[in-house]
Amino acid sequence: MPKSNISHKEQVALSELKSDDSIIILRSDKGRSTVVMNKEQYIEKINNLIMDNKTYRPLNRDPTTYIYIERERETTLYICIYMYIYVYICIYMYIYVYICIYMYIYVYICIYMYMYVYICICMYMYIYIYIYI
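The opening residue of the sequence shown carries number 214 in the working numbering; numbering runs sequentially from there.
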């Protein structure tokens, strides 16, 4: 753990401020400073902001259900795309394996056919040489 950059007295003061329920410690909206406010003042300011009818208005319905439905549609779409890709890859691999197997069999058939032809030619030559020479 890195060494603390504040003294022990400052740490004790911070823990006392955090444990005090009558104040609230927040980050400021602008800049990198910390704000310590009386909790009652903070609640009063929040209520004033929310009750401002020029800035905020009540909603007729809950917008989070729409967000949930849209996210569910996107998730379903992604699942469908992934399943399509998976099926496509499986079919490709299936075809590839069978092509490899058929090519393997074809190559062996061709090799045996050439060997058969070679053996036949050799036998005919042997017979020809034996009979006519």
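Ideal placement from N, C-alpha and C gives every residue a C-beta, glycine not left out.
Practice prompt. Express the C-alpha separation of residue 320 and residue 302 in angstroms, rounding to a whole number.
Written response: Counted from its first residue, the sequence shown places residue 302 at position 89. Counted from its first residue, the sequence shown places residue 320 at position 107. Distance between the alpha carbons of residue 302 and residue 320 is about 26 Å.
| request: Could you please give me the residues that DSSP links to residue 251 through a beta bridge? | output: Against the sequence shown, residue 251 aligns to sequence position 38. Note: residue 251 sits in a beta bridge opposite 236.
Of the listed residues 265, 269 and 234, nearest to residue 252 (C-alpha basis) | As a working note, residue 252 is residue 39 in the sequence shown. Checked all of 265, 269 and 234; the closest Cα to residue 252 is 234.
Backbone secondary structure at residue 219 - three-state DSSP:
In the sequence shown, residue 219 corresponds to position 6, counting from 1. Coil.
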